[in-house]
Amino acid sequence: MTMIFGVPLAVFMGQLTLGLVNGAFYALLSLGLAVIFGLLKIVNFAHGAQYMLGAFAALLGFRYLGINYWLALFLVPLVVGAFGVLLERFLLRRIAHLDHLYGLLLTFGLALIFEGTLVNFFGVSGARYATPEILQGGLNLGFMFLPTYRAWVLVAALAMCLFTWFMIERTRLGAYLRAGTENSQLMQAFGVNVPLLITLTYGFGVGLAAFAGVLAAPLYPVSPTMGSSLLIVVFAVVVIGGMGSILGAIITGLAMGIIEGLTKVYYPEASNTVIFLVMILVLMLRPVGLFGKEA
Amino acid sequence: MTFMKKTLAASIAVAAASSLAVSTAQADMSDGEIRIGYLADMSGTYRDLAGPGGEAALEMAVEDFGGSVNGSPIVVFSADDRNSADVGANTVRGWIDQDNVDMVAGLVASSVSIAVTKVLEENNGLGIVSGSAASSITNEHCTPNHIHWVYDTYPLANGTAKAVVEQGGDSWFMLTADYAFGHALEADVTKVVEESGGEIVGGVRHPFPTNDFSSYILQAQGSGAKIIGLANAGADTVNAITTASQFGITQSGQQLAGLLIFLNDVHALGLEATQGLLLTTGWYWDMDEQSREWAQRYFDEVGRMPTMVQAGIYSSTMHYLKAVEAAGTDDPETVRAQMAEMPVEDFFARNGTIREDGRMIHDMYLAQVKTPEESTGEWDLYEILSTIPAEEAYRPLSESQCKLVQN
């Protein structure tokens with residue numbers, strides 16, 4: 001059997017695949033953060049909670065309204081995104097002119113409120129969300145058994161990442177957005193409604209988190225605390241990629257998923273810390289992040 | 001004037017007499033109150049097995065006892081340790097220094113309990129550990145200032161691992177939570193598996209808590225072991241079992257052995273994913289009339305069936321209060337001695353006694369999770385297969401490394 005650093009090739013390939021799946025997930029979540037930070041300069045600490053709200057909305061929508069998975073994948077990001085719009089309009093906008101720290105504190109406080117409220121009603125054990133029938137079972141890749149659903153997560157997450165990147169970097173709307181954040185007074189002089197654009201962008205970022213939440217619902221037990229542990233990792237990914245860099249977030253997300261996956265084979269005890277080690281290294285060697293622009 | 005003087009004198013006399021009466025009744029209760037501090041994970045991974053539900057059980061015990069002992073009211077403090085040994089130890093230090101708390105109850109994550117019992121020993125306090133699993137709590141970490149009530153890793157290994165090996169599951173892959181409890185459970189399981197003629201072929205230690213288990217499940221799958229032993233707890237176990245079912249672990253001929261599974265875990269996972277799982281438990285709500293009766297009262301109050309830990313918190317608090325009443329003092333040393341003197345026999349514990357190492361030994365049970373067809377209700381989850389007598393279940397004193405035991 002071929003061995004790679006003392007691990008059979010099949011196991012190595014398997015871990016690589018799983019790392020890629022997790023990485024796509026990180027990419028999707030850090031993308032939302034990067035969009036919000038890049039365009040609004042808000043450090044959105046409620047991102048993990050909004051991801052969790054997405055999973056919960058899917059669960060409760062199925063339980064009480066009979067909304068199936070596919071419909072949830074479409075509806076939940078809209079509903080949670082609309083909620084994000086309200087947050088921006090009535091809370092975040094009021095502190096937009098203050099230091100970034102205030103936005104961070106406000107969103108962190110909101111995250112604690114969302115989590116605490118749901119813990120109070122649902123506990124932390126989590127509930128199961130059934131995998132849609134068509135995605136049950138698994139694929140035999142020769143070197144591993146890959147559950148079909150994980151393959152779907154990889155495809156769906158990457159597709160969403162590309163769509164977002166295209167929207168912001170390659171369309172007229174995206175150009176307005178980027179210009180609006182660069183010099184909002186000039187854009188307003190041209191007749192562009194910049195505050196509305198900003199509100200919608202925040203809503204879109206929140207919608208991305210909710211989309212990731214719906215994708216995660218059949219994978220992990222749906223619980224109020226599911227977002228908080230993930231958030232810190234995702235922040236590290238954004239910092240490594242370069243705060244605000246869209247493409248950076250996507251590529252770094254995938255890379256970190258793979259690095260974490262391989263750590264789980266070679267030295268599992270460090271799997272929770274390896275991403276932070278990379279972060280420290282990057283900050284020491286290239287403080288603006290791998291894809292960040294020098295100020 | 002004389003009248004005034006007389007009344008004054010009389011009222012002084014009455015006041016003096018009554019204060020004398022009060023001080024006699026409360027002579028040996030510090031501050032005239034019994035103060036119990038409830039410390040547990042109230043918001044994290046282990047919330048549902050003890051948490052607010054454990055506090056409710058404690059309040060039930062206080063209420064059932066009448067709210068006071070020999071005229072001294074019982075006061076309950078509570079705090080969230082957030083599964084952090086530092087937070088737990090500092091909270092308890094504050095309780096002892098500033099609030100004169102007499103007994104600390106709850107105590108869930110093993111790492112927190114070990115830190116807290118050290119603080120209790122330094123300050124001559126008293127603690128009853130109900131939620132923790134590590135058997136080291138009454139072995140190398142034993143103190144004269146705490147008692148371990150509900151269960152520990154020794155009977156978990158002794159019950160489940162032994163039964164699984166006897167049924168032919170003789171090669172194991174261990175999935176272990178990387179901290180005090182996981183290590184203790186892994187050590188106890190390894191010993192039992194090897195003694196029963198089985199073998200540990202591999203294992204992995206995962207950080208606590210872990211979100212994604214797919215990588216570890218894949219490693220377990222690759223190991224070729226017949227049994228994947230889960231030496232973790234709470235959300236980690238739930239997560240691992242969910243992932244294992246996604247990767248078709250049972251279809252490919254491997255079996256899971258959950259070494260520490262609580263009622264709320266099985267409830268959350270559902271019978272479809274957990275059916276047939278063998279587990280060892282210190283108590284189950286539906287095991288007999290007495291248990292059912294208490295569980296029903298708890299259910300009416302809380303809205304969920306109690307876990308063994310929540311039942312144990314009630315049982316141990318009751319026993320503590322009885323001991324305080326019998327001893328007529330809340331002095332930790334006297335109360336602990338009194339508790340050890342009285343046998344523990346209630347809806348929770350059968351054949352219970354408190355040993356010199358602080359271990360409350362009682363009968364344990366080997367249970368199996370029912371199939372969806374067998375279950376008749378939301379909480380009808382276990383079938384009790386056999387009873388493991390108290391003396392066989394726990395680590396014998398002859399093997400103890402506890403400093404309080406003369407070997």
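Chains as they are written, first to last, in full-length UniProt numbering: chain A, 1 to 295; chain B, 1 to 407. The beta-carbon is built from N, C-alpha and C at its ideal position, and this holds for glycine as well. Just so we're clear, the structure is a prediction, and the values are computed from it rather than from any experiment.
When you compare each of the options to residue i by their alpha carbons, which one comes out closest?
i, options, result
"residue 404 (chain B)", "B:108, B:147, B:79 and B:217", "B:147"
"residue 174 (chain B)", "B:188, B:166, B:384 and B:167", "B:188"
"residue 280 (chain B)", "B:346, B:350 and B:363", "B:363"
"residue 124 (chain B)", "B:113, B:136 and B:97", "B:97"
"residue 196 (chain A)", "A:216, A:208 and A:180", "A:180"
"residue 286 (chain B)", "B:194, B:198, B:75 and B:377", "B:377"
"residue 252 (chain B)", "A:289, A:276 and A:144", "A:144"
"residue 224 (chain B)", "B:32, B:199 and B:330", "B:199"
"residue 79 (chain B)", "B:258, B:61, B:407 and B:44", "B:44"
"residue 229 (chain A)", "A:273, A:166, A:82 and A:43", "A:273"
"residue 139 (chain A)", "A:275, A:101, A:118 and A:151", "A:151"
"residue 149 (chain B)", "B:332, B:234 and B:309", "B:309"
"residue 191 (chain B)", "B:154, B:109 and B:339", "B:154"
"residue 87 (chain B)", "B:41, B:228 and B:299", "B:41"
"residue 396 (chain B)", "B:356, B:303 and B:111", "B:356"
Give the C-beta separation of residue i and residue j to the nearest angstrom, bearing in mind that I take them to be a contact with Cβ-Cβ under 8 Å.
i, j, result
"residue 296 (chain B)", "residue 372 (chain B)", "Residue 296 (chain B) to residue 372 (chain B), Cβ: 24 Å. No contact."
"residue 39 (chain B)", "residue 81 (chain B)", "5 Å"
"residue 250 (chain A)", "residue 27 (chain A)", "5 Å"
"residue 231 (chain B)", "residue 163 (chain B)", "With a Cβ gap of about 16 Å, residue 231 (chain B) and residue 163 (chain B) do not count as contacting."
"residue 48 (chain B)", "residue 124 (chain A)", "6 Å"
"residue 115 (chain B)", "residue 85 (chain B)", "4 Å"
"residue 256 (chain B)", "residue 160 (chain B)", "Their Cβ separation, rounded to whole angstroms, is 11 Å, which puts residue 256 (chain B) and residue 160 (chain B) out of contact at 8 Å."
"residue 243 (chain B)", "residue 217 (chain B)", "5 Å"
"residue 254 (chain B)", "residue 221 (chain B)", "7 Å"
"residue 38 (chain A)", "residue 244 (chain A)", "3 Å"
For residue i, I'd like the list of residues in its chain whose CB is within less than 6 Å of its CB, leaving aside the five on either flank, ordered along the chain.
i, result
"residue 23 (chain B)", "Low per-residue confidence applies at residue 23 (chain B): pLDDT is 43, beneath 50, and the placement is therefore not dependable enough to give any value."
"residue 199 (chain A)", "85, 88 and 89"
"residue 35 (chain A)", "205"
"residue 216 (chain A)", "55"
"residue 76 (chain A)", "54, 57, 58, 210 and 214"
Near residue i, which residues of its chain fall below 8 Å by C-beta distance, leaving aside the five closest residues on each side in sequence?
i, result
"residue 17 (chain B)", "Confidence is the limiting factor: at residue 17 (chain B) the pLDDT is only 48, short of 50, which leaves the residue's position unreliable, though a coordinate-based value still follows. Excluding positions up to five away in sequence, the list is empty."
"residue 21 (chain B)", "A caution first: residue 21 (chain B) carries a pLDDT of 43, below 50, which makes its placement in the model too unreliable to give a value."
"residue 187 (chain A)", "176, 179, 180 and 194"
"residue 337 (chain A)", "What is shown of chain A runs 1 to 295, which leaves residue 337 (chain A) out entirely."
"residue 344 (chain B)", "315, 319, 352, 353, 354, 360 and 362"
"residue 367 (chain B)", "278, 279, 280, 281, 284, 382, 383, 384 and 385"
"residue 144 (chain B)", "121, 333, 336, 358 and 404"
"residue 342 (chain B)", "319, 322, 323 and 326"
Apart from the five residues on each side of it in sequence, which residues of its chain come closer than 7 Å, Cβ to Cβ, to residue i?
i, result
"residue 158 (chain A)", "24"
"residue 19 (chain A)", "257, 258, 260, 261 and 262"
"residue 25 (chain B)", "Its pLDDT being 44, under 50, residue 25 (chain B) is placed unreliably in this model, and the coordinates cannot settle the point."
"residue 100 (chain B)", "30, 31 and 35"
"residue 174 (chain A)", "167 and 168"
"residue 76 (chain B)", "36, 38, 58, 59 and 62"
So residue i contacts chain A; which residues on that side make the cut at Cβ distance below 7 Å?
i, result
"residue 212 (chain B)", "22"
"residue 239 (chain B)", "220 and 221"
"residue 44 (chain B)", "124 and 225"
"residue 265 (chain B)", "125"
"residue 178 (chain B)", "269"
So which residues on chain A does residue i lean against when the C-beta distance must stay under 8 Å?
i, result
"residue 216 (chain B)", "264 and 268"
Whose Cβ in chain B lies nearer than 8 Å to the Cβ of residue i?
i, result
"residue 128 (chain A)", "242, 268, 269, 270 and 273"
"residue 11 (chain A)", "218, 219 and 222"
"residue 272 (chain A)", "207 and 210"
"residue 119 (chain A)", "43 and 47"
For residue i, which residues in chain A fall below 9 Å Cβ to Cβ?
i, result
"residue 248 (chain B)", "137, 138, 145 and 147"
"residue 81 (chain B)", "Result: empty, since nearest Cβ-Cβ is about 14 Å, beyond 9 Å."
"residue 232 (chain B)", "Going along chain A, no residue has its Cβ under 9 Å from residue 232 (chain B), so there is no contact; the nearest lies around 13 Å."
Using the beta-carbon of each residue, which ones in chain B are nearer than 7 Å to residue i?
i, result
"residue 289 (chain A)", "Per Cβ cutoff of 7 Å: no residues; residue 289 (chain A) is ~24 Å from chain B at best."
"residue 261 (chain A)", "215"
Does the structure place the stretch 235 to 242 of chain A close enough to the stretch 107 to 120 of chain A that three or more beta carbon pairs sit under 8 Å?
No, the stretch 107 to 120 of chain A does not touch the stretch 235 to 242 of chain A.
Between the stretch 255 to 268 of chain B and the stretch 361 to 381 of chain B, can you find at least three pairs of beta-carbon atoms closer than 8 Å?
Flag = yes, the stretch 361 to 381 of chain B and the stretch 255 to 268 of chain B touch.
Take every Cβ of the stretch 58 to 72 of chain A, pair it with every Cβ of the stretch 249 to 265 of chain A, and state whether three or more of those distances are shorter than 8 Å.
The stretch 249 to 265 of chain A and the stretch 58 to 72 of chain A do not touch, with fewer than three beta-carbon pairs separated by less than 8 Å.
Would you check if the stretch 51 to 65 of chain A and the stretch 214 to 226 of chain A touch, i.e. whether three or more CB-CB distances between them fall below 8 Å?
The stretch 214 to 226 of chain A, when compared against the stretch 51 to 65 of chain A, does touch it at the 8 Å Cβ threshold.
Contact between the stretch 238 to 245 of chain B and the stretch 202 to 214 of chain B: three or more CB pairs below 8 Å?
The stretch 238 to 245 of chain B vs the stretch 202 to 214 of chain B: in contact.
Quick check: the stretch 134 to 144 of chain B against the stretch 58 to 74 of chain B, are at least 3 beta-carbon pairs closer than 8 Å?
Counting Cβ pairs under 8 Å, fewer than three are found: no touch.
Tell me whether the stretch 43 to 58 of chain B and the stretch 299 to 313 of chain B touch, counting them as touching only if at least three CB pairs, one residue from each stretch, are closer than 8 Å.
Cβ pair count under 8 Å is three or more, so yes.
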